[in-house]
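Counting in the numbering used here, the sequence shown runs from 141 upward without gaps.
Take a look at the structure below.
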Amino acid sequence: MKVSEARQLVGGLSNASKMPSKSYGLPAQACKVGGKLRKVKGSTCENCYAYDRGMYVMPVVKAAQARRLETIKSKDWTANMARAINKAKLFRWHDSGDIQSAEHFQKIIDVAKLTPDCQHWLPTREAKIVASHKGKIPDNLVVRVSAPMIDGRAPKRFANTSTVHAKTIPVNSHICPAPKQDNECKDCRACWDKSVQNVSYHAH
141 MKVSEARQLV GGLSNASKMP SKSYGLPAQA CKVGGKLRKV KGSTCENCYA
191 YDRGMYVMPV VKAAQARRLE TIKSKDWTAN MARAINKAKL FRWHDSGDIQ
241 SAEHFQKIID VAKLTPDCQH WLPTREAKIV ASHKGKIPDN LVVRVSAPMI
291 DGRAPKRFAN TSTVHAKTIP VNSHICPAPK QDNECKDCRA CWDKSVQNVS
341 YHAH
């Protein structure tokens with residue numbers, strides 16, 4: 141199968157502006173935990189950038205996200221995603237949206253296993269799904285469980301986490317340098333690095 145055909149079957153990949161890699165987005169409206177947090181004042185999802193602003197409200201983007209959400213159900217999704225990623229060295233999951241279920245999480249893990257030369261970064265607020273997973277997470281998949289509240293502590297019991305700070309810069313964390321470099325990652329790869337326990341982002 142051609143890479144272009146595989147990408148069509150999974151609903152296409154995204155090109156996040158500041159990222160050094162392809163990414164993959166689902167509708168923010170489909171977030172489980174995030175949908176609840178969006179109604180909580182001071183949460184990291186209260187002012188979700190992917191819910192109702194910017195490029196995410198464009199009809200073509202919304203249509204692509206809806207297609208991706210539907211294709212997750214396909215029995216061939218794992219193989220198609222691996223082929224769509226192809227020979228990429230880095231991949232970012234969910235520039236919008238999140239894990240939908242334990243089955244979906246397992247499929248993402250399987251995609252990482254099928255693409256061992258690609259380093260995957262999966263940010264998520266679905267802490268219960270991640271915590272309940274009993275299998276091994278492949279070395280090339282960094283699952284970063286996100287803190288639910290701005291200026292909140294990093295979630296415990298997870299090897300890799302992320303936080304958002306507005307007033308208090310967390311200690312023992314890698315502070316995202318993007319705001320100081322044109323909102324781009326440039327040569328930073330901390331989010332994809334398992335040795336970096338917590339990455340903290342500036343509140344938008």
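The beta-carbon is built from N, C-alpha and C at its ideal position, and this holds for glycine as well.
N- and C-terminal bounds of the alpha helix (DSSP H) containing residue i
{"i": "His-344", "result": "Where His-344 is concerned, there is no enclosing alpha helix (DSSP H), given that its DSSP letter is neither H nor E."}
{"i": "Gln-246", "result": "242-254"}
{"i": "Gly-175", "result": "173-177"}
{"i": "Ala-271", "result": "267-272"}
For residue i, three-class secondary structure by DSSP
{"i": "Arg-297", "result": "coil"}
{"i": "Thr-218", "result": "helix"}
{"i": "Val-283", "result": "strand"}
{"i": "Lys-334", "result": "coil"}
{"i": "Met-195", "result": "helix"}
{"i": "Val-304", "result": "strand"}
{"i": "Ser-154", "result": "strand"}
{"i": "Ile-225", "result": "helix"}
Residue i vs residue j beta-carbon contact at 8 Å
{"i": "Thr-264", "j": "Asp-291", "result": "no"}
{"i": "Glu-266", "j": "Lys-172", "result": "yes"}
{"i": "Leu-149", "j": "Gln-205", "result": "no"}
{"i": "Leu-153", "j": "Ser-163", "result": "yes"}
{"i": "Ala-168", "j": "Tyr-191", "result": "yes"}
{"i": "Thr-211", "j": "Gly-151", "result": "yes"}
{"i": "Ala-306", "j": "Ala-343", "result": "yes"}
{"i": "Val-304", "j": "Tyr-341", "result": "yes"}
Residue i: first and last residue of the uninterrupted beta strand (DSSP E) it sits in
{"i": "Thr-211", "result": "From DSSP, Thr-211 is part of no beta strand (DSSP E) but of the alpha helix (DSSP H) over 199-211."}
{"i": "Arg-147", "result": "No beta strand (DSSP E) holds Arg-147; the alpha helix (DSSP H) holding it covers 143-149."}
{"i": "Ser-163", "result": "162-164"}
{"i": "Leu-262", "result": "259-264"}
{"i": "Leu-230", "result": "230-233"}
Residue i CB to nearest heavy atom of the ligand MG below 7 Å
{"i": "Val-201", "result": "As for the ligand MG, it is missing from this structure, which has no ligand bound."}
Residue i versus the options, residue with shortest Cα-Cα distance
{"i": "Asn-237", "options": "Lys-320, Leu-177 and Val-304", "result": "Strictly speaking, residue 237 in this sequence is Gly, with Asn absent from that position. Nearest option by C-alpha distance: Leu-177."}
{"i": "Lys-268", "options": "Val-282, Arg-297 and Lys-253", "result": "Arg-297"}
{"i": "Gly-275", "options": "Ile-248, Arg-293 and Pro-295", "result": "Ile-248"}
{"i": "Lys-181", "options": "Met-289, Val-197, Tyr-341 and Ala-228", "result": "Met-289"}
Stretch-stretch touch, CB-based, cutoff 8 Å, three pairs: the stretch 226-233 with the stretch 245-260: Short answer: they touch.
Touch test, the stretch 332-341 against the stretch 299-307, Cβ-Cβ under 8 Å, three pairs minimum: yes
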